[in-house]
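Peer 1: Shown below is the structure under consideration.
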Amino acid sequence: MGWGNIYRRRLKVFTLAVVIYLDYKSVQQRQKWMNKSKRTAFWQKAHERNARRLLNLIIELEGLWVKLGQYLSTRADVLPEAYISLLKQLQDSLPPRPLREVCHTIQKELGKNMDELFMDFVKDPLATASIAQVHRATLIDGREVVVKVQHEGIKEIILEDLKNAKSIVDWIAWAEPQFNFNPMIDEWCKEAPKELDFNNEAENTRTVSRNLGCKKLHEDNKSSNQVDVLIPEVIQVLL
1 MGWGNIYRRR
11 LKVFTLAVVI
21 YLDYKSVQQR
31 QKWMNKSKRT
41 AFWQKAHERN
51 ARRLLNLIIE
61 LEGLWVKLGQ
71 YLSTRADVLP
81 EAYISLLKQL
91 QDSLPPRPLR
101 EVCHTIQKEL
111 GKNMDELFMD
121 FVKDPLATAS
131 IAQVHRATLI
141 DGREVVVKVQ
151 HEGIKEIILE
161 DLKNAKSIVD
171 WIAWAEPQFN
181 FNPMIDEWCK
191 EAPKELDFNN
201 EAENTRTVSR
211 NLGCKKLHED
221 NKSSNQVDVL
231 IPEVIQVLL
């Protein structure tokens with residue numbers, strides 16, 4: 001991601017933050033002269049308006065903002081219902097990245113052409129998330145697999161989004177001390193980069209499999225130690 005895109009992304013984020021903040025400050029002043037019923041409706045419209053603004057920008061920018069929006073959609077204890085209702089849409093699968101980009105990433109990482117790695121690679125992904133998407137495929141040796149491919153340039157985007165989110169949270173805490181979300185964003189700054197490390201994810205999958213005593217897909221399902229959880233075998237290197 002070039003510097004031009006970084007600055008455009010940053011500008012859109014901070015512009016929206018200012019727009020939403022000024023909107024709510026205006027509502028705070030204007031609602032003073034309203035009766036209770038009108039005041040409630042006035043606030044509700046403001047929440048709906050700004051929740052829609054936030055959702056539209058999240059959908060446009062994707063990256064970390066999708067994950068943050070998904071998290072916020074579960075926080076009915078923090079956000080008004082208008083936000084929860086709209087942000088729940090982010091729980092659905094996102095639009096997929098182009099197949100050309102996916103193939104380029106695979107070939108760059110594994111150092112081989114697609115036809116050297118796969119007998120078949122399904123074009124349409126099973127699911128697309130903020131960091132990666134997964135495709136069904138068949139290896140040259142005939143094994144059926146699911147391939148998880150990280151979006152091109154997503155690392156730089158996530159790290160930039162974290163810096164922007166931290167700056168906004170710091171600004172809000174300064175302007176409105178009663179809304180201090182620094183503990184939350186500090187935890188995100190620690191944990192979010194870990195999701196970019198698929199080696200770490202692979203090792204975690206193996207650890208869970210060992211701890212649960214799960215069997216691999218190719219093992220006999222009639223074994224006496226069969227459990228109700230099956231963890232897929234991790235294949236990190238395709239030979």
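Just so we're aligned, residue 1 is where the sequence shown starts under the UniProt record's numbering, counting upward by one. Ideal Cβ positions, reconstructed from N, Cα and C, are used throughout, including at glycine.
With 16 other CB atoms within 10 Å as the buried threshold, where does K108 fall?
Peer 2: The residue labelled residue 108 in the question sits at position 108 within the sequence shown. Exposed, by the Cβ-count rule.
Peer 1: On the criterion of 16 or more Cβ atoms from any shown chain inside 10 Å, does E60 qualify as buried, or is it exposed?
Peer 2: Sequence index remark: in the sequence shown, residue 60 carries index 60 (1-based). Exposed is the call here.
Peer 1: From what residue to what residue does the beta strand (DSSP E) around H135 run?
Peer 2: Position 135 of the sequence shown, counting from 1, holds the residue named residue 135. Unbroken beta strand (DSSP E) run through H135: A132 to L139.
Peer 1: So with Cβ pairs under 8 Å, would you call L79 a contact of chain B?
Peer 2: Note that chain B does not occur in the displayed structure, where there is just one protein chain.
Peer 1: Which residues does DSSP pair with V208 in a beta bridge?
Peer 2: The count along the sequence shown starts at 1 and reaches residue 208 at position 208. Answer is none; V208 lacks a bridge partner.
Peer 1: What residues match up with E144 in a beta bridge as DSSP calls it?
Peer 2: Looking up residue 144 in the sequence shown gives position 144. According to DSSP, which records beta bridges pairwise, E144 is partnered with T138.
Peer 1: What are the partner residues of T128, as DSSP defines its beta bridges?
Peer 2: As a position in the sequence shown, residue 128 is number 128, starting the count at 1. In DSSP, T128 forms a bridge with Q133.
Peer 1: Mind checking whether T128 and L94 have CB atoms under 8 Å apart?
Peer 2: Your numbering for residue 128 matches position 128 in the sequence shown. Your numbering for residue 94 matches position 94 in the sequence shown. For the pair T128 and L94, the CB atoms are nearer than the 8 Å cut-off.
Peer 1: According to DSSP, which residues form a beta bridge with D197?
Peer 2: Counting from 1 along the sequence shown, the entry for residue 197 is found at position 197. D197 is not bridged by DSSP to any residue.
Peer 1: Rounded to the nearest angstrom, what separates T105 and E152 at their Cα positions?
Peer 2: For this step, residue 105 is matched to residue 105 along the sequence shown. For this step, residue 152 is matched to residue 152 along the sequence shown. Distance from the CA atom of T105 to the CA atom of E152, rounded to whole angstroms, is 7 Å.
Peer 1: Can you tell me whether DSSP reads R75 as helix, strand or coil?
Peer 2: One-based indexing of the sequence shown puts residue 75 at position 75. Of the three classes helix, strand and coil, the one that applies to R75 here is coil, per DSSP.
Peer 1: Which residues in the same chain have their Cβ closer than 8 Å to the Cβ of M34, if we skip the five residues on either side of it in sequence?
Peer 2: Taking the sequence shown and counting its residues from 1, the one referred to as residue 34 is at position 34. Answer for M34: F42, listed in chain order.
Peer 1: At 4 residues or longer, what runs of the alpha helix (DSSP H) sit wholly inside the stretch 29–88?
Peer 2: 36–61, 64–72 and 81–87
Peer 1: For I58 and L90, which I take to be in contact (beta-carbon distance under 8 Å), what is that distance rounded to the nearest angstrom?
Peer 2: Here residue 58 refers to the residue found at position 58 of the sequence shown. Here residue 90 refers to the residue found at position 90 of the sequence shown. Yes, I58 and L90 are in contact; Cβ-Cβ is about 7 Å, under 8 Å.
Peer 1: Measure the C-alpha to C-alpha separation of W65 and S85 and round it to an integer number of angstroms.
Peer 2: Looking up residue 65 in the sequence shown gives position 65. Looking up residue 85 in the sequence shown gives position 85. Distance between the alpha carbons of W65 and S85 is about 17 Å.
Peer 1: Under a three-way DSSP split, which group does V149 fall into?
Peer 2: Position 149 of the sequence shown, counting from 1, holds the residue named residue 149. Residue state, collapsed to three classes: strand.
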